[in-house]
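What follows is a set of notes on a single structure, which appears directly below.
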Amino acid sequence: MTEPVANPAADVPEEHKRRILTFMKRSSAFTTSQKQGLEQFGGRYLLNMEGQTFNQEAVFGRVAPLTVEIGFGMGYSLVQMAQAAPERDFIGIEIHPNGIAQICFEAGSVDLPNLRVMDADALLALEHFFPDACIDTVQLYFADPWPKKKHHKRRFVQTHIMQLIRRKLKTGGVFHAATDWQPYADWMLEILEVAEGFENMAGPGQFAERPDFRPLTKFENRGQKLGHGVWDVLYRKVA
Ligand SMILES: C[S@@+](CC[C@H](N)C(=O)[O-])C[C@H]1O[C@@H](n2cnc3c(N)ncnc32)[C@H](O)[C@@H]1O
0 MTEPVANPAA DVPEEHKRRI LTFMKRSSAF TTSQKQGLEQ FGGRYLLNME GQTFNQEAVF
60 GRVAPLTVEI GFGMGYSLVQ MAQAAPERDF IGIEIHPNGI AQICFEAGSV DLPNLRVMDA
120 DALLALEHFF PDACIDTVQL YFADPWPKKK HHKRRFVQTH IMQLIRRKLK TGGVFHAATD
180 WQPYADWMLE ILEVAEGFEN MAGPGQFAER PDFRPLTKFE NRGQKLGHGV WDVLYRKVA
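Position one of the sequence shown corresponds to residue 0 (numbering that gives the first Met the number 0), numbered consecutively onward.
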């Protein structure tokens, strides 16, 4: 997997400049479907977190098990997951404008009722938008591995971020991550094995079997073509 390429023209909001970011903001011209995605379906699928607190009943018209995906990329696999699990609600969080527009198009094209999307840094969304103990699953698939040592601080899986996720998960809720970058897989295992309030669902020190419910993502597919392996970790919040 390659590191994201910096786009000097991309605008970085002031509040992001002072924090360690887990992403590099980049964007390209919208395709016709991406334009259509925002124009036709943005109103239905985009959630605005400004001054708001998440209320599942108000957003989805029901209370159902809730999955939040951090960094869904173009969103194809998240749409597939939501289609395959109509009994659950899904919220995808992404900062890549093309991905946000694309997922609106994909979801709108199949009239998907159980998905919403946030154009936000997931760390800010988790901290400010979601109440504590409201999420059943947080998933993080093929997150940027930030392979250089000086960038390890930008990896999403960090001890303090796992405690933020723990706070937002219900007891019994699950954190699920997958990566095709072995050093990041080892890094995640090392952090999660000692993370307070979590237990490894695969057994101490073990990676999990690839679960059937996780569709092949765009980056997983890319990794497979490069001959990379894939590592899943599944941790349950126990307290
Ligand atoms: C390597 S891509 C993987 C995309 C997708 N999950 C896949 O497997 O194809 C990682 C994505 O995470 C997004 N991302 C990274 N940090 C994020 C954050 N703090 N909030 C929202 N999205 C983030 C990036 O914009 C990027 O699209």
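Cβ coordinates follow ideal geometry from the N, Cα and C atoms, glycine included.
Which residue comes first and which comes last in the beta strand (DSSP E) that contains residue i?
i, result
"glutamate 68", "65 to 69"
"threonine 30", "No beta strand (DSSP E) contains threonine 30, which DSSP labels as neither H nor E."
"glycine 204", "First-last for glycine 204: undefined, no H or E at that position."
"methionine 117", "114 to 118"
Which residues share a DSSP beta bridge with residue i?
i, result
"threonine 216", "Paired residues: none, contrary to the question."
"lysine 236", "Phe197"
"glutamate 38", "Glutamate 38 is not bridged to any residue."
"tyrosine 140", "Ala177"
"glutamate 93", "Asp118"
"leucine 168", "Ile134"
"tryptophan 230", "Thr178"
"aspartate 88", "Leu65"
"leucine 45", "Val116"
What does the Cβ neighbour count give for residue i, buried or exposed, with the cut at 16 atoms within 10 Å?
i, result
"aspartate 211", "exposed"
"glutamate 86", "exposed"
"proline 54", "Sequence check: residue 54 is asparagine here, not proline. By the neighbour-count rule (16 or more Cβ atoms within 10 Å), asparagine 54 is not buried but exposed."
"glycine 172", "buried"
"threonine 1", "Because the pLDDT at threonine 1 is just 39, under 50, the model does not fix this residue reliably, and the point stays unresolved."
"glutamate 189", "exposed"
"alanine 106", "buried"
"glutamate 93", "buried"
"asparagine 220", "exposed"
"glycine 222", "buried"
"threonine 52", "exposed"
"threonine 170", "exposed"
"alanine 8", "Confidence at alanine 8 is low in this model, with a pLDDT of 39, below 50, so its placement is unreliable and the value that follows should be read with caution. That one is exposed."
"isoleucine 160", "buried"
"leucine 215", "exposed"
"lysine 167", "buried"
"aspartate 131", "exposed"
"proline 3", "Note that proline 3 has pLDDT 43, beneath the 50 cutoff, so the model's placement of it is unreliable and the number below is only indicative. Exposed, because fewer than 16 other Cβ atoms sit within 10 Å of the Cβ of proline 3."
"alanine 83", "exposed"
Under 8 Å, do residue i and residue j count as touching if we go by C-beta distance?
i, j, result
"tryptophan 230", "glutamine 181", "yes"
"threonine 158", "alanine 124", "no"
"asparagine 113", "alanine 81", "yes"
"valine 116", "leucine 45", "yes"
"serine 32", "asparagine 97", "no"
"glycine 196", "glutamine 101", "no"
"arginine 154", "tyrosine 183", "yes"
"glutamate 56", "phenylalanine 89", "no"
"threonine 66", "threonine 21", "no"
"alanine 142", "glycine 70", "yes"
"glycine 91", "leucine 77", "yes"
"histidine 227", "aspartate 185", "no"
"isoleucine 99", "aspartate 118", "yes"
"tyrosine 140", "leucine 191", "no"
"phenylalanine 40", "cysteine 103", "yes"
"methionine 187", "valine 237", "no"
"lysine 224", "tyrosine 75", "no"
Start and end of the alpha helix (DSSP H) containing residue i?
i, result
"glutamine 79", "75 to 83"
"valine 58", "55 to 59"
Verify the CB distance criterion: does residue i have a CB-CB separation below 8 Å to chain B?
i, result
"serine 76", "The structure shown contains no chain B; it holds only a single protein chain."
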